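Residue numbers (this note's numbering): 655 to 1713. Think of the CB as a built atom: it goes at the ideal place given N, C-alpha and C, for glycine as much as any other residue. The model shown is predicted, which means the values in this text are computed figures rather than measured ones. The structure appears below as structure tokens.
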């Protein structure tokens, strides 16, 4: 490979098949070589631990080797899929959500505990207008009120002179059954507005809950409302999520809504059901307005939101909207008059807000039977400065040609050259002014700031010169939305030339500290979830490719922060600063731009990302529900539980680990649990098959440890597994644990035990081996149980996207999630106290000017350290003479490790002493301090801790980009990539860094910024606390077949040492 060429990044799911096959052969070869060393290791264990332990370890090792051999033979090949296993069919996302949110005694208990803390119980007045309702539907509605878990309510039923004779006797029977029910019998029929207002006059509660006669309240509806309203006393209007229910009780079409979105409410009645409005506010408004029937709720919400101190969303599904023939729940076509009522309600709302526009129903919404509305903004208004950052004259010419078609004419065009250039414009014969401005010689943010200072128009439209704007109404609509009180910035939908959305606004990705494009990749015509892709609505941020804002607001905020964000993220930062002033961002969905294909950059610079993360450590995304997947183009539903229990309540967690060694996954779990224990968030007990040095650390943190050696043999057969699962399930049940945390795929036995005990679980996966082969060493029934258990946990948490993608075939219940595992920097840096770099280098025999290339990690085939040796063999003489390779992690028990030592001894004489191998060690600080370059040769890694440690030490990296590594480092910024097995490519990259001190320093300087731009350890701890709390209230579906099999397993006493 040419040393100037960049090697392609290796996608996790596309590893070369030949390399994979070769790796399997090598693994099998090394397994056989390991077997030949058993006698020698047996003697060493006899000398150190005695004959009994040595015999036990030898039996287990031989049994494991035999089991692997048999399983591979039965599979017909080495590394085959466990025979008979079938990939599970995906469960409907909402069915998966309903399963996780099914009522449980734990959740009911936590809800009761929270209700017990209410200092001022809230009384609700439920107003239910009735007219000719079918008997069984009305019974269901009334029963859903009487069955509320929160009992401080009154139900006012208003019979609007129903013609059916059974109505009033039915209502009177219910009133006799419960004295909280009163019935108002109207003498003549009015309509739903009149009937509701009649009932509201009798209300004595603090809040009114408007309830339709054919719908159903969730049993905990009022309880959730009471908790939320008591905790937020300034809320005058609250709404929740809802779904639909058919005549047979089947639930479907959930609507998981964003937080309060004033401009979305102008597009359609998204708030819907259930709604609770302060009774005094309802009366101030005059209740429902007669003449808006069919859209009376929408009209009420629009008017109420104008006077309410605060409008809030309760992110719980509390209402079931009945779909019956002739109801608007089925289709807006059922009641066309409701469309006109809604249109008038929205039009009047705009007029009350000072916007003299007309309102129409878009053609796509009319065809779909959706009550979606769109304003036609006035064609006059404040003057607009259109700032075009010119990239090339042809693009500018297209923009100016488009402006000739604009209906809105009160604007002035400013064309700005970038990079200090003065743009040259041809002769244009136009009816508007064009001024040419000299561009700044800094980044885009500085260019815009300088331009805004040079103009004096009221509104500013920023336009990337490569953007293509569509529609003669574009300016008219953008200006109209910008004039609404409380709106800080307005942007259009972004399209690409492939017929899909580039974005419909930007959301905030707290994990990556960047903006995420909402609905990216969705077809342009697709309405998206809840019509959100095609309606004007609130959004967290708009894109700098094109957006509008008021000049005075821009200047009062200091413009774009060009120092912190010279070229990227300045638009998102500006929008978030608008939020701090309680100003909103809006996407005008009927305005569209085609974004430049060249605008897709490699991402913001590391320093900008780090600054953004530091500036907004607790940023939240208010306009996407926690019940949807924000990374999915269609915002598909994901099975999330929003906990109701007291947040200060300490959770009892049983944590399972495969060992207690001072290494990657066990260490990550220790840091997590000890941090949560210190903050009194959890009370943990750790269970492990094997003892190890981390036990002492757990003891120091006040965490009990249980050693269960019998678990070591649990995977030998399904019978053994059944016995161990039953024993651990009994421990879970007896211990009163709220949740189980399993760490690594090897602890699947803990997931099975949790399912048997009915205890919710969270499973952390750190491995990156493919699912088809990971459990292939186990007997088929055991492998099937392991693979099948992935549907059980509330969340299966992968440290990297690359690892998750390998296992996504098994994500049948949409419970897979990515949470990267950060480094606890404080703990890591404490290891360097009192150690000096110069001293560390002298101890390793490093001379001044020598470049130390460090490889740290268990020497094994998975980590591929042979690559480094072979690359060192190929280094040019001058580079090899200046370099010293230090490999830390040799393990004599591994054939691959011994083979590396043998090959190192065969290096040429001038290189042999420059390639040094050290055994595994927990004391690595001196190696880190001495190093100048870190080399990672791994074939399989999830989210390696050692890469984070290298960046924490400010080292440049040469690394394979497999799996999560590509999510940690930045190619050509703080790291150089090479393909696994490409010895020449690795040699070339090492040579470059050995020879070029300046380049090595540039990459090293960026490493700390790249690390700071990644999630921090406190964020990681908070994420897991949230997962544990949500899991603790989730439903666990029992596996009936597994339960029957385990129930028949013989019980036995399990060896356990509790510390």
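Exercise for the section: With a 10 Å radius around its C-beta and 16 neighbouring C-beta atoms as the bar for buried, classify residue 1058 as buried or exposed. Expected result: Counted from its first residue, the chain shown places residue 1058 at position 404. The residue is exposed, with fewer than 16 neighbouring Cβ atoms inside 10 Å.
Handout entry: Assigned exposure category for residue 1260 - 16 Cβ within 10 Å defines buried
Key = Locating residue 1260 in the chain shown gives position 606, where the first residue counts as 1. Residue environment: residue 1260 is assigned as buried (16 or more neighbouring CB atoms within 10 Å of its CB, all protein chains considered).
Practice task
Quick one: using the 10 Å Cβ neighbour count with 16 as the cut-off for buried, is residue 1446 buried or exposed?
Solution key: In the chain shown, residue 1446 corresponds to position 792, counting from 1. Using a 10 angstroms sphere on the CB of residue 1446, the tally of other CB atoms reaches 16 or more, which defines it as buried.
Handout entry: Residues sharing a beta bridge with residue 1587, DSSP
Key = One-based indexing of the chain shown puts residue 1587 at position 933. Residue 1587 is bridged to 1507.
Practice task
Taking only the alpha-carbon atoms, compute the straight-line gap between residue 1265 and residue 1665 and give it to the nearest angstrom.
Solution key: Counting from one through the chain shown, the residue named residue 1265 turns up at place 611. Counting from one through the chain shown, the residue named residue 1665 turns up at place 1011. When rounded, the separation of the alpha-carbon atoms in residue 1265 and residue 1665 is 12 Å.
Exercise for the section: Closer than 6 Å by C-beta to residue 857: which residues in its own chain qualify, once you throw out the five before and the five after it? Chain order, please. Expected result: Mapped onto the chain shown, residue 857 falls at position 203. For residue 857, where only same-chain residues beyond five positions count, the Cβ hits under 6 Å are 779, 933.
Exercise for the section: Can you check DSSP and say which residues form a bridge with residue 1163? Expected result: As a working note, residue 1163 is residue 509 in the chain shown. Residue 1163 is bridged to 1168.
Problem - Alpha carbon of residue 959 to alpha carbon of residue 940, nearest angstrom - result: Against the chain shown, residue 959 aligns to sequence position 305. Against the chain shown, residue 940 aligns to sequence position 286. Residue 959 and residue 940 have their C-alpha atoms spaced approximately 14 Å apart.
Exercise for the section: Go ahead and pull the three-state DSSP assignment for residue 1265. Expected result: Taking the first residue of the chain shown as position 1, residue 1265 is located at position 611. Per DSSP, reduced to three states, the secondary structure at residue 1265 is helical.
Handout entry: Touch test, the segment 1280-1298 against the segment 1667-1686, Cβ-Cβ under 8 Å, three pairs minimum
Key = Touching, yes, given that three or more Cβ pairs across the two stretches are closer than 8 Å.
Handout entry: Counterpart residues of residue 1193 in DSSP-defined beta bridges
Key = Here residue 1193 is taken as the residue at index 539 of the chain shown, counted from 1. 1239.
Problem - Pairwise C-alpha distance: residue 1520 and residue 1375 - result: Here residue 1375 is taken as the residue at index 721 of the chain shown, counted from 1. Here residue 1520 is taken as the residue at index 866 of the chain shown, counted from 1. Distance between residue 1375 and residue 1520, taken at the CA atoms: about 38 Å.
Handout entry: Cα-Cα separation between residue 1572 and residue 1429, rounded to whole angstroms
Key = As a working mapping, residue 1572 is identified with position 918 in the chain shown. As a working mapping, residue 1429 is identified with position 775 in the chain shown. About 32 Å.
Handout entry: Rounded straight-line distance, which links the Cα of residue 895 to that of residue 1007
Key = Looking up residue 1007 in the chain shown gives position 353. Looking up residue 895 in the chain shown gives position 241. About 27 Å.
Handout entry: Delimiting residues of the alpha helix (DSSP H) encompassing residue 828
Key = For the purposes of this step, residue 828 is taken as residue 174 along the chain shown, with counting starting at 1. Segment 821-831, the alpha helix (DSSP H) holding residue 828.
Practice task
Identify which residue in 1308, 1453, 1290 has its Cα closest to the Cα of residue 748.
Solution key: To locate residue 748, count along the chain shown from 1; it is residue 94. Taking only the C-alpha atoms, the option nearest residue 748 is 1290.
Problem - Any C-beta of chain E under 8 Å from that of residue 823 - result: Absent here is chain E; the protein component of the structure consists of one chain.
Exercise for the section: Alpha carbon to alpha carbon, how far is residue 1022 from residue 860? Give it in angstroms, no decimals. Expected result: As a working mapping, residue 860 is identified with position 206 in the chain shown. As a working mapping, residue 1022 is identified with position 368 in the chain shown. The alpha-carbon atoms of residue 860 and residue 1022 are separated by roughly 39 Å.
Handout entry: Cβ distance (whole Å) where residue 1397 is taken to contact residue 1310 below 8 Å
Key = Taking the chain shown and counting its residues from 1, one reaches residue 1397 at position 743. Taking the chain shown and counting its residues from 1, one reaches residue 1310 at position 656. Taking C-beta atoms under 8 Å as the contact rule, residue 1397 and residue 1310 qualify, at a distance of about 6 Å.
Exercise for the section: Please state if the CB of residue 1616 and the CB of residue 1592 are separated by a distance shorter than 8 Å. Expected result: In the chain shown, counting from the first residue as 1, residue 1592 sits at position 938. In the chain shown, counting from the first residue as 1, residue 1616 sits at position 962. In this structure, residue 1592 sits near residue 1616, with a CB-CB distance shorter than 8 Å.
Practice task
For the beta strand (DSSP E) containing residue 1029, list its first residue and its last residue.
Solution key: Within the chain shown, numbered from 1, the residue matching residue 1029 stands at position 375. Counting along the chain, the beta strand (DSSP E) containing residue 1029 begins and ends at 1028-1030.
Practice task
Mind listing, in chain order, the continuous alpha helix (DSSP H) runs of no fewer than 4 residues lying wholly within the segment 1091-1140?
Solution key: Runs of the alpha helix (DSSP H) inside the segment 1091-1140: 1098-1108, 1128-1136.
Handout entry: Ranges of the alpha helix (DSSP H) found wholly within the segment 1386-1421, counting only runs of at least 4
Key = Runs found: 1402-1411.
Handout entry: Meets three-Cβ-pair contact criterion under 8 Å: the segment 1375-1393 and the segment 1669-1679
Key = Judged by Cβ distances under 8 Å, the segment 1375-1393 makes no contact with the segment 1669-1679, as fewer than three pairs qualify.
Exercise for the section: Output the boundary residues of the beta strand (DSSP E) element that contains residue 929. Expected result: If you number the chain shown from 1, residue 929 lands on position 275. The continuous beta strand (DSSP E) containing residue 929 extends over residues 929-932.
Handout entry: Contacting residues, own chain, Cβ-Cβ under 6 Å from residue 1115 (five flanking each side not counted)
Key = Here residue 1115 refers to the residue found at position 461 of the chain shown. For residue 1115, where only same-chain residues beyond five positions count, the Cβ hits under 6 Å are 1038, 1040, 1202.
Problem - Residue from 966, 942, 863, 862 whose Cα sits closest to the Cα of residue 913 - result: What you label residue 913 is simply residue 259 of the chain shown in a count that begins at 1. With distances taken between Cα atoms, residue 913 lies closest to 966.
Exercise for the section: Quick one: using the 10 Å Cβ neighbour count with 16 as the cut-off for buried, is residue 902 buried or exposed? Expected result: For the purposes of this step, residue 902 is taken as the residue at position 248 of the chain shown. Classification of residue 902: exposed, given that the 10 Å Cβ count is below 16.
Handout entry: Simplified DSSP assignment, three categories, for residue 1547
Key = By 1-based counting over the chain shown, the position of residue 1547 is 893. Coil.
Problem - Buried or exposed (CB count within 10 angstroms, at least 16 for buried), residue 1048 - result: The count along the chain shown starts at 1 and reaches residue 1048 at position 394. Residue 1048 comes out exposed.
Practice task
Check residue 1244 in the structure and name its three-state DSSP category.
Solution key: In the chain shown, residue 1244 corresponds to position 590, counting from 1. Reduced to three states, the DSSP call for residue 1244 is strand.
Problem - N- and C-terminal bounds of the alpha helix (DSSP H) containing residue 1445 - result: Residue 1445 sits at position 791 when you count from the first residue of the chain shown. Careful: residue 1445 lies outside any alpha helix (DSSP H) and carries neither H nor E.
Handout entry: DSSP-derived helix/strand/coil call for residue 1573
Key = If you number the chain shown from 1, residue 1573 lands on position 919. Residue state, collapsed to three classes: strand.
Handout entry: Element boundaries [alpha helix (DSSP H), containing residue 975]
Key = Counting from one through the chain shown, the residue named residue 975 turns up at place 321. That residue, residue 975, is in no alpha helix (DSSP H); its beta strand (DSSP E) goes 965-976.
Problem - Opposing strand residues paired with residue 1538 [DSSP bridges] - result: For the purposes of this step, residue 1538 is identified with residue 884 of the chain shown, where counting begins at 1. Its beta-bridge partners are 1506.
Exercise for the section: Run the CB neighbour count on residue 1456, radius 10 Å, all protein chains shown included, and call it buried at 16 or more, exposed below. Expected result: Locating residue 1456 in the chain shown gives position 802, counting from the first residue. Counting Cβ neighbours within 10 Å, residue 1456 comes out buried, since at least 16 surround it.
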